[in-house]
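Reviewing the structure listed below.
2 protein chains.
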Amino acid sequence: MTAAARRSRLVAALADRDLAGLFVTNLVNVRYLTGFTGSNGAILVPVEGEPVFLTDGRYRDQAAAELPDVEHVITRDLLGGMAERTAPGTYGIESHTMSVDAHARLAELAPALTLRGAGRVVESLREVKDDVEVAALRRACEISTRALQTVIEGRLVGRTERDVARELEGTMLDLGAEAVAFDTILASGPNTAIPHHSPTDRVLAAGDLLKADFGARVDGYHADCTRTVVLGRADAWQREVYAAVQHSQAAGVELLREGVEVAASDAAARASLESSGWLEAFTTGLGHGVGLEIHEDPFIAGSHTGKLTSRTVLTMEPGIYVPGRGGVRIEDTVLVTAGAPEVLTTMTKDLLEIG
Amino acid sequence: MTAAARRSRLVAALADRDLAGLFVTNLVNVRYLTGFTGSNGAILVPVEGEPVFLTDGRYRDQAAAELPDVEHVITRDLLGGMAERTAPGTYGIESHTMSVDAHARLAELAPALTLRGAGRVVESLREVKDDVEVAALRRACEISTRALQTVIEGRLVGRTERDVARELEGTMLDLGAEAVAFDTILASGPNTAIPHHSPTDRVLAAGDLLKADFGARVDGYHADCTRTVVLGRADAWQREVYAAVQHSQAAGVELLREGVEVAASDAAARASLESSGWLEAFTTGLGHGVGLEIHEDPFIAGSHTGKLTSRTVLTMEPGIYVPGRGGVRIEDTVLVTAGAPEVLTTMTKDLLEIG
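Shown next as structure tokens:
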């Protein structure tokens, strides 16, 4: 789908809400609707008439290259530039991200307009990925899988968490990632009990659990993958915990299907942990949408009301965390379809005993 | 200065504004006032009584370690948790970053409070760095300088921009940076004319200008450095442009002194470019504060009213950009003192002809 087609979907959504247009100021949403990859820009999308994109002088040439089909205005005052180009009416603002001060200024600049919070209207469109987006996510997941496979083929015992994390990140870049999707979580031994652990100088030892939560970014799209392996032979406790997480994760993934309640996969993954006796050791969320942001709508939670839609991409990431001892997390990036969920993270989830 | 001392300065600033307290929701400001390095947190700072820090369950242990001296509340609802702990009165909000929706929710949760936009009150405190901050910035600048020196000692011609940028980033990490301060801008040949250029697969050639805008991050503090070198012998045009930028940059740095108008350094750097005939080829801003954010108050501009204060840290970064041909930028991170400016970026600014 082209950016123009995405804007058409937005115009339809705005018309449904009786809005004359939307001030799109959230930069991720600007990128989604235009393809613009710079660090400062906005787009005014009216229901009637043509959109206007605005950025500052640093991005004059880039805007011309990335948005050949949209009028663009070079200005340091994005809000002022948009305000000038509105017709009277009720316009939406992205009230979940627009600051109180920006809102006040816009109201002052355009006193003839009625401004109304339009909620997460663009985020809602972004939940359902088009072909271009799925291709980028698929590639990001492939690179992530290949990178981890490469790293665990090498020597690990005796190296630091930080060193292994850097190799993993470097390998993703070597394999074609434009960047890493987020700072790699790489935890070993007792550190695996910390859900969000920054790599340290701890030296990996035989018998350790090793947990890597990482991903590649391709064309702005983020992969999010976690695997936990054992360095050497797994002991009985490690096997038990691993099996419990693996079972829970499979139960959650199984329900990531079109038409199924989002809360159902949450319930299934939790029920599995409850039956194995490990629910209390699970302390994070179960999953989230992923795309132009590493965490985006929809979020998997028991409180989430609503059904899954085909072409939504989500993570499923149960874990068990036992302070002082260790932990296991398994996470895939998954494409929702009308049939079986398509797991984009192609790496095995069997327990790997490395070296 | 400890986080507690920073909070005391904030309390004094709030009392001056007749505020009973501040809802600190901007995460960078939360870090400044608490030392907390997680990704979700807030702090309610009352003028009377003790502050309360709030974060979610993921950061329970981290909060206990990083903020031993502040009461902390574990909750998913930071705004709700803060609202519960206020006494009636007029409280400040960070209206430049708080979203319209968050503001509306807070007003609903705490109907007895009057909420008032408190502007950039914490950002204003952050302009003047304490000893701990200056030490981190100094170290980040040292690492940046050593990394670039290391990289330009090696072979450059025949390698891609992307490859050299990765080596530069990896070298900063090897030298002790916790992360890179921002995605490295590394431009060669005609690409040096683009002020913010993402590294490509262009192969570096003899005779190229090579521009690197990069920095290390240490303890959350960012270095920001740009150097431009010539691969081989510089031609007359390269020498002319380099000398013009070097002169402008020195003129701007010279006025980064306590008690001098911020606008004066802007005027001096521009006057230098005007006298050399290159002012029209300078298309960006001249500099900005740097600290916990890569761009923070104060920003150097002709329109800036106000004088510099000792212990403010700023960049000075004039450039000349000639589309299709090339460009030069020189940028230092500079500590303002009562006397001569202290340039934290210790790398030479003489024109280097490499290899």
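Read top to bottom, the protein sequences are chains A and B. To convert, count from 1 in the first sequence and add 6; that's the working numbering. To convert, count from 1 in the second sequence and add 6; that's the working numbering. Note that the Cβ used here is the ideal one computed from N, Cα and C, for glycine as well. Note that this is a predicted model, so its numbers are computed, not measured.
**Q.** Burial state of residue 100 (chain A), where buried means 16 or more other Cβ atoms lie within 10 Å
**A.** Result: buried.
Q. Curious, which full-length alpha helix (DSSP H) runs of at least 4 residues does the region 165-251 of chain B contain?
A. 167-180
Q: Check whether the Cβ of residue 201 (chain A) lies closer than 8 Å to any Cβ atom in chain B.
A: At least one chain B Cβ lies under 8 Å of residue 201 (chain A).
Q. Over what stretch of residues does the beta strand (DSSP E) that includes residue 320 (chain A) continue unbroken?
A. Counting along the chain, the beta strand (DSSP E) containing residue 320 (chain A) begins and ends at 319-322.
**Q.** For residue 66 (chain B), the first and last residue of its enclosing alpha helix (DSSP H)
**A.** Where residue 66 (chain B) is concerned, the enclosing alpha helix (DSSP H) stretches over 66-72.
Q.
What are the residues in the region 291-305 of chain B lying within 8 Å of chain A by C-beta distance?
A. Residues passing the 8 Å Cβ filter: none.
(Q) Measuring CB atoms only, is the region 242-259 of chain B touching the region 219-231 of chain B, in the sense that at least three cross pairs come out at less than 8 Å? (A) no
Q: Output yes if chain A places a C-beta closer than 8 Å to the C-beta of residue 107 (chain B); else output no.
A: yes
Q | Under 8 Å between C-beta atoms of residue 336 (chain B) and residue 237 (chain B) | A | no
(Q) In whole angstroms, give me the CA-to-CA distance for residue 318 (chain A) and residue 16 (chain A). (A) 17 Å
Q: Consider the Cβ of residue 310 (chain A): report whether some Cβ of chain B lies at a distance smaller than 8 Å.
A: No, no contact with chain B.
Q. What do you get for residue 230 (chain A), buried or exposed, if any count of 16 or more other CB atoms within 10 angstroms of its CB means buried?
A. buried
(Q) Going by beta-carbon coordinates alone, are residue 271 (chain A) and residue 262 (chain A) separated by less than 8 Å? (A) yes
Q: Grab me the residues of residue 308 (chain B)'s own chain with a C-beta within less than 6 Å of its C-beta, minus the 5 sequence neighbours each way, in chain order.
A: 269 and 272
Q) Beta-carbon separation of residue 205 (chain B) and residue 64 (chain A) under 8 Å? A) no
Q) In whole angstroms, what separates the C-alpha of residue 102 (chain B) from that of residue 169 (chain B)? A) 39 Å
Q: Quick one: give me the first and last residue of the alpha helix (DSSP H) that residue 90 (chain B) is part of.
A: 84-90
**Q.** Where residue 99 (chain B) meets chain A, residues with beta-carbon distance less than 8 Å
**A.** 106
**Q.** Straight-line gap, residue 289 (chain A) to residue 198 (chain A) (C-alpha atoms, nearest Å)
**A.** In this model, residue 289 (chain A) and residue 198 (chain A) are separated by some 13 Å (Cα to Cα).
**Q.** For residue 33 (chain A), the first and last residue of its enclosing alpha helix (DSSP H)
**A.** Start and end: 33-40.
Q: Run the CB neighbour count on residue 8 (chain B), radius 10 Å, all protein chains shown included, and call it buried at 16 or more, exposed below.
A: The residue is exposed, with fewer than 16 neighbouring Cβ atoms inside 10 Å.
Q: Can you give me, in chain order, the residues of the region 149-180 of chain B that have a beta carbon less than 8 Å from any beta carbon in chain A?
A: 172, 176 and 179
Q: Run down chain A in chain order and give the residues with a C-beta less than 7 Å from the C-beta of residue 64 (chain B).
A: 201, 202 and 290
Q | Contact set for residue 41 (chain B): own chain, Cβ-Cβ below 6 Å, skip 5 residues either direction | A | 9 and 72
Q: Output, in sequence order along the chain, the residues in the region 103-133 of chain A whose CB is closer than 7 Å to any CB in chain B.
A: 103, 104, 105, 106, 107, 109 and 123
Q) For residue 212 (chain A), which residues of its own chain have a beta-carbon under 7 Å away from its beta-carbon, when the five flanking residues on both sides are left out? A) Cβ contact annotation for residue 212 (chain A) (same chain, cutoff 7 Å, sequence separation greater than five): 163, 237 and 238, in chain order.
Q: Could you give the DSSP three-state label for residue 126 (chain B): helix, strand or coil?
A: coil
Q.
With a threshold of 8 Å, are at least 3 pairs of Cβ atoms found where one atom belongs to the region 127-141 of chain B and the other to the region 173-191 of chain B?
A. no
Q) With DSSP run on the structure shown, which of helix, strand or coil describes residue 63 (chain B)? A) helix
Q | Contact belief for residue 133 (chain A) with residue 329 (chain A) at Cβ below 8 Å, rounded distance in angstroms | A | 35 Å between Cβ atoms; not a contact.
Q.
Taking 8 Å as the threshold (C-beta atoms), are residue 92 (chain A) and residue 27 (chain A) in contact?
A. yes
Q) Among A:105, A:127, A:76 and A:58, which has the Cα closest to the Cα of residue 89 (chain A)? A) A:58
**Q.** Those residues which DSSP pairs with residue 290 (chain A) across a bridge
**A.** Residue 290 (chain A) pairs with nothing; no bridge assigned.
Q. What did DSSP end up calling residue 149 (chain A) once you bin it into helix, strand or coil?
A. helix
Q: Rounded to whole angstroms, what's the CA-CA distance from residue 31 (chain A) to residue 235 (chain A)? Just pull it up for me.
A: 42 Å
**Q.** Exposed unless 16 or more other CB atoms sit within 10 angstroms - verdict on residue 77 (chain B)
**A.** exposed
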